[in-house]
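Number of protein chains: 4
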Amino acid sequence: MGNSFGHLFRITTYGESHGGGVGVVIDGCPPQLEISAAEIQFELDRRRPGQSKITTPRKETDTCEILSGVFEGKTLGTSISIFVPNKDTRPQDYSEMAVKYRPSHADATYDAKYGIRNWQGGGRSSARETIGRVAAGAIAKKILKQVANVDIVGYVKRIHDLEGIVDPHTITLEQVESNIVRCPDSECAQRMIEKIELIRREGDSIGGVVECVARNVPKGLGEPVFDKLEADLAKGVMSLPASKGFEIGSGFAGTLLTGSEHNDEFYLDDTGTVRTTTNRSGGIQGGITNGESIILRVAFKPTATIRKEQRTVTSTGEETILAAKGRHDPCVLPRAVPMVEAMVALVLCDHLLRHQGQCHTLKP
Amino acid sequence: MGNSFGHLFRITTYGESHGGGVGVVIDGCPPQLEISAAEIQFELDRRRPGQSKITTPRKETDTCEILSGVFEGKTLGTSISIFVPNKDTRPQDYSEMAVKYRPSHADATYDAKYGIRNWQGGGRSSARETIGRVAAGAIAKKILKQVANVDIVGYVKRIHDLEGIVDPHTITLEQVESNIVRCPDSECAQRMIEKIELIRREGDSIGGVVECVARNVPKGLGEPVFDKLEADLAKGVMSLPASKGFEIGSGFAGTLLTGSEHNDEFYLDDTGTVRTTTNRSGGIQGGITNGESIILRVAFKPTATIRKEQRTVTSTGEETILAAKGRHDPCVLPRAVPMVEAMVALVLCDHLLRHQGQCHTLKP
Amino acid sequence: MGNSFGHLFRITTYGESHGGGVGVVIDGCPPQLEISAAEIQFELDRRRPGQSKITTPRKETDTCEILSGVFEGKTLGTSISIFVPNKDTRPQDYSEMAVKYRPSHADATYDAKYGIRNWQGGGRSSARETIGRVAAGAIAKKILKQVANVDIVGYVKRIHDLEGIVDPHTITLEQVESNIVRCPDSECAQRMIEKIELIRREGDSIGGVVECVARNVPKGLGEPVFDKLEADLAKGVMSLPASKGFEIGSGFAGTLLTGSEHNDEFYLDDTGTVRTTTNRSGGIQGGITNGESIILRVAFKPTATIRKEQRTVTSTGEETILAAKGRHDPCVLPRAVPMVEAMVALVLCDHLLRHQGQCHTLKP
Amino acid sequence: MGNSFGHLFRITTYGESHGGGVGVVIDGCPPQLEISAAEIQFELDRRRPGQSKITTPRKETDTCEILSGVFEGKTLGTSISIFVPNKDTRPQDYSEMAVKYRPSHADATYDAKYGIRNWQGGGRSSARETIGRVAAGAIAKKILKQVANVDIVGYVKRIHDLEGIVDPHTITLEQVESNIVRCPDSECAQRMIEKIELIRREGDSIGGVVECVARNVPKGLGEPVFDKLEADLAKGVMSLPASKGFEIGSGFAGTLLTGSEHNDEFYLDDTGTVRTTTNRSGGIQGGITNGESIILRVAFKPTATIRKEQRTVTSTGEETILAAKGRHDPCVLPRAVPMVEAMVALVLCDHLLRHQGQCHTLKP
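Here you go:
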């Protein structure tokens, strides 16, 4: 059941790096939403390989096709199927990895769990599986926008030790998309790009941190006690390939404050709305949104597949050396930005529908 | 549906701080497991209030009763119900909080979501709800122990800026329990205790980091792509009250390494088992356990409820000042240790059963 | 996971015939619903043993206690826990059944599945487990009543070969409750009662058919393609002890008509509402309610536990003879009526919330 | 969420009669199962339109493509995607039904629920959606066969008032497939075929009953209390288009027996296995399989879409007359046989994995 995510707005994905293609089925989408393949393609283009000199050179247009669930430009309320065929596959690049396990990759654990794996390009563990998430996320974003003008903006906050300065309250998609590393601090972005290119030339890789903000989120989303919004957000982004850490609001740094320093004091704004003077809660208190911006951060490790030589073992039980071939991102961060946004959108959309179901049936 | 957790090994909890009591129903527990109320009580005693001078003085023995699902000392395979009545309630302590929202607590968001809340002692948002998790976790731990000798040990890694030195590969429950703050670095523990007492006297609170290790975990647990083990672990611990961040293995610090520095190289040990020379993956690769120890960290913010005066608003729309009464932990960390362990055990046990179901039906 | 039912409005039950008691946790209940223990007790009293001379003489008041989720008479939106202790237990009556499997009962299959069973009074397979369903159903009924004035009325349609004449469009709860067999055809009811008493004296048992109608159900409930409303209703009632068959609308008899005879033609009523001239569909078309009354029937077999001698085997592998002791219903039908109503209410309430979530988020 | 079915072995379907195609995603399939497109195609061919003179003449080869989850002829353990494109679509045939609701079809209720529908060929309510079920069912059947030599055989038991004589204990697939109506009583089958042809010429339709047997089912499948096996079977088959009733074992007729007549007495067979002398339980007692054959029946109503004139209304609120065009089955029964088998297989396979997970983790 691990290939489904969400409850009322629920997605199920499939597909491997080098099979027929990858796709997603979306169940529970509200009916009569206007949606086009172009709107979905916009997000897929932000995720696709080969989009810039600092991503993998694999040439995929990732052109999506809506197979069901949309009629005359509108959602039907029944299950939506979106498919993206694989085009530029090179299984031969992976023949060495058919027997040699890549360190810190999923090769060995897939074999341990299933006793079989599609070794071509990582199979199901390839970041290519995130296409379905990003496609479904495009629809979730549109619903959130339409219902409450919700804005979800992700960006690269840090690459290795280079950290950008970004104001989550004002940052726009256009600013994020203004450079290929997706760090809207343009001066820092330039240094990030240079570092990634350097690392790539060395046959190595680096990681970093993506930050994501969701603004205008309605109050009341999230469910005690296990489906607290931050718990579902954590699960969503920690299921992305290469993620190693998650923070909401003040995160780990917040543990260095006392309660009196950390608490977000309440006040009433001009309209009489309850607001907080600070936002260390990151928009969520007691697992439920409070109307302030949701702010979260995700740590992504350096890409596991590198050209540099590493010691490893084979599936047949011999120690060996691997210098991985294939086409890989030297740094996943630029392409991880739309993935993080998608997961945030999926979580929020699911909870939006759930909240409507539970709390607006008796009092519409 | 937010009050259930897990799929095959599934728990559902209920109860408020000041209602009749709190409890848990466990569905899907393997039959014929020997279990006693005493074994569950052992874990509840580690969680209960009033256990030391640095926790809340609320006097609860948290004595559990097994209402169903166990017969002649063994599980029946049908649903297990465990109940703990509330004894030492003082609703009058909360009369001021019936109208004044505690900053960074759940008062305001519960009202926003539900239009109603049990203001006595935090209601459902009270950490008292974790009793059900810890009780069910005791059973999950026993299953894991019996099947694979799995050891789950949590401890306080840091209080505010005081960080202990602990070796996750050797640390034992006895060492953790050797002091009241549950940091097995005894010298550091002493300073932590002093700091917590100081903070309490000031009417303030502090936070910190719990680290947890799971040893001897079988290879193969976790499911691509959404139910990666780290994703479910993240959801589990981020659903605990006051948690603000999660890390697996190298976590955020791992983003400062290159791929060649970060990757865990493989080797074959004496028995021919595939092992890694380092463990920056934290025991999980591609979402699936690799047999190395699972190591994770959780950030807990300083307790929201403090005696110090804070600006806030009332539920009737007026700005005001609150100096919270009631009995609260100046620092949740010591009592959070068994909670983190319980969530880790619940996630592992659920995935153990799921793995057995999917991967050992054709090849038992 | 078999002890939970529903998705948004979800119940989890526990408890055996002879353990500490039985209960239910309700997750996802809308907040601010006024509900009292008395309203729940009303339904439990219709289900309880010992209510008349034609039911089991076990003396249980089945008095319920609300342990959580309700505050000052209103639901909180968080999980509701309702508990009913077992009082009048006689484990000694079952000592023979500890080794001898009752034919057509669950003794042998529980042993085969779990390798263990609580042989006292049937354990978890006892109809006593339906207390949780009926308690939760009382809340579901109230929500449905409040939102759309939905009326759910079940009644005994047939006992053995005695079939009553009942008009589902006008039948009332009062008429159903006017006699102890719950068949509102009073003349037929009298003969049913006599037959049950006769059968009881013979140490035998009989079965029959419960019919249930739900009126004023809003259009639009039910989800293609697996969660069609009739599919979820079928699952709900077929999970009741002793049920052997399910029909919706024309049911099996409808297969003897041609399409032109069977189809429900549409017309517009005075208010311009789309209605059907007949109702062979039983209120559901394409898995979705059409606004007409839902009408369904459930077959209940004769009670498995009888005093008459039967050939059977022991758990230790010997053929033997059993004449069952214990206190049992000679006919489950009168007490099955509130159980069927409860399952119908639970299904409708869950789908009401789901429909609200999916179809009223974009267009409230 | 209504487009998914099952828990551990879980399918999600999508597609409309006249969109790009229909398909299924299977999550949780055991790894290393040998499966080919041809094996799946075998079952799809039994379901496809145009297979004989008594089915709809729509020309679809229903050729399936495995898009993911299978590698070198074996399942990977990750999600399997199977797709069947729509080829022979004639939307123009349905232009009248774009405004006129077909009596007893899903047109009006889809509009009521979603405010939109794909009126071409019934959209999602078309029986074409069952392709995904049958494809997934082929895999489920293979697993059941491999693990326990389970045989699932469905057949037409009755068409209108013509009932065949069939022995469920010996009937084979070959016998069922020996004629186009799939009733293995060949003399009766001939009369059924004649009747269907007559009805078709009259522009009318008829229904009937499918019976299905599952032999060699292991003991222990099914979960108290809501996921009793008969409850999940009922849900599975009652979610099929046109189904109106369900029976397990003795069904409705069993209500005419007394307990002493109805109970299945136990005995020990030559191998010492606990068996029953009769099988009125239909292979399930207390919701759990007892090792005897599972026998169930499903009532299918006459096809709703008929050429004969019927009174109806338009979506714009006018009363009118409809004589439906399009290509439809005069009787769904022959093609319903593989659908019923598929649902039975899916339920059994899911419960097989669940049982393995819960009951064979501690005691493999």
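Protein chains in written order, with the numbering used here: chain A, 1 to 364; chain B, 365 to 728; chain C, 729 to 1092; chain D, 1093 to 1456.
We put the CB at the ideal spot given by N, CA and C, even for glycine.
Note that the coordinates shown come from a computational prediction; the quantities given were computed from them, not determined experimentally.
Here Ala-112 of chain A is near Lys-583 of chain B, since their CB atoms are less than 8 angstroms apart. Judged by DSSP secondary structure, Asp-591 of chain B falls outside any beta strand (DSSP E); it is assigned neither H nor E.
Arg-943 of chain C is a Cβ neighbour of Val-878 of chain C, given a cutoff of 8 angstroms. Burial of Ala-472 of chain B is indicated by the presence of at least 16 other C-beta atoms within 10 angstroms of its C-beta. Relative to the Cα of Met-729 of chain C, the nearest Cα in the group B:Pro-467, B:Gly-366, B:Ile-375 belongs to B:Ile-375. Interface annotation, Val-25 of chain A: in contact with chain D, CB-CB separation under 8 angstroms. Runs of alpha helix (DSSP H) with 4 or more residues, each lying fully within the region 522 to 595 of chain B, are found at 537 to 540, 550 to 565, listed in chain order.
For Gly-1085 of chain C, at least one C-beta of chain A is nearer than 8 angstroms to its own C-beta. Scanning D:Phe-1163, D:His-1197, D:Thr-1222, D:Glu-1303 for the CA closest to the CA of Gly-1246 of chain D turns up D:Glu-1303. In this structure, C:Gln-1038 is the residue among C:Glu-989, C:Gln-1038, C:Gly-1015, C:Lys-963 with its C-alpha nearest to the C-alpha of Tyr-1359 of chain D. Judged by DSSP in its simplified three-state form, Ile-1380 of chain D adopts strand. CA-CA distance, Ala-401 of chain B to Lys-308 of chain A, rounds to 55 angstroms. Cβ neighbours of Ser-1218 of chain D within its own chain (closer than 6 angstroms, five residues either side excluded): Ser-1109. Taking a 10 Å sphere around the C-beta of Glu-975 of chain C, we find 16 or more other C-beta atoms and assign the residue as buried.
Take the alpha-carbon of Asp-1154 of chain D and the one of Leu-1444 of chain D: they are about 29 angstroms apart. In the three-state reduction of the DSSP assignment, Ile-375 of chain B falls in the strand class. Pairing Val-84 of chain A with Ile-131 of chain A gives a Cβ-Cβ distance under 8 angstroms. For the pair Val-1301 of chain D and Arg-1225 of chain D, the CB atoms are not nearer than the 8 angstroms cut-off. Under the Cβ criterion of 8 angstroms, Glu-39 of chain A is not counted among the residues facing chain D.
Judged by their CB atoms, Gly-387 of chain B and Ile-446 of chain B are nearer to each other than the 8 angstroms cut-off. Collapsing the DSSP output to three states places Ile-66 of chain A in a strand. Ranked by how close their Cα comes to the Cα of Gly-283 of chain A, the residues A:Gly-164, A:Ala-299, A:Asp-350, A:Glu-265 have A:Glu-265 in first place.
For Val-752 of chain C, the enclosing beta strand (DSSP E) stretches over residues 749 to 755.
If the five residues before and after Val-70 of chain A are omitted, its C-beta is found closer than 8 angstroms to the C-beta atoms of Ile-35, Leu-76, Ile-80, all from its own chain and listed in chain order. Cβ-Cβ distances below 7 angstroms link Phe-954 of chain C to nothing in the same chain once the five nearest sequence neighbours on each side are left out.
In the displayed model, Gly-805 of chain C falls within coil according to three-state DSSP, outside both helix and strand.
Using a C-beta cut-off of 8 angstroms, the region 555 to 574 of chain B makes contact with the region 661 to 668 of chain B, since at least three inter-stretch Cβ pairs fall below that distance.
About 5 angstroms separates the Cβ atoms of Ala-1073 of chain C and Gly-865 of chain C, confirming a contact at the 8 angstroms cut-off. Contact note: Met-1 of chain A reaches chain B through His-371, Glu-587, Asp-591, Arg-718, using a C-beta cutoff of 8 angstroms and chain order. Contact of Asn-1210 of chain D with chain A by beta-carbon distance below 8 angstroms involves Phe-71, Leu-76. Distance from the CA atom of Leu-1050 of chain C to the CA atom of Leu-926 of chain C, rounded to whole angstroms, is 21 angstroms.
Within chain D, the residues placing a beta-carbon under 8 angstroms from that of Arg-852 of chain C are Pro-1316, Val-1317, ordered along the chain. The three-state secondary structure of Thr-1031 of chain C, taken from DSSP, is coil.
Inter-residue distance for Gly-1207 of chain D and Val-1002 of chain C is about 14 angstroms (C-alpha atoms, whole angstroms). The straight-line gap separating the alpha-carbon atoms of Arg-856 of chain C and Arg-776 of chain C is approximately 9 angstroms. Only residues of its own chain outside the window of five on either side were considered, and among them Leu-229, Ile-288, Thr-289, Leu-348, His-351, Leu-352, His-355 have a CB closer than 7 angstroms to the CB of Leu-221 of chain A, listed in chain order.
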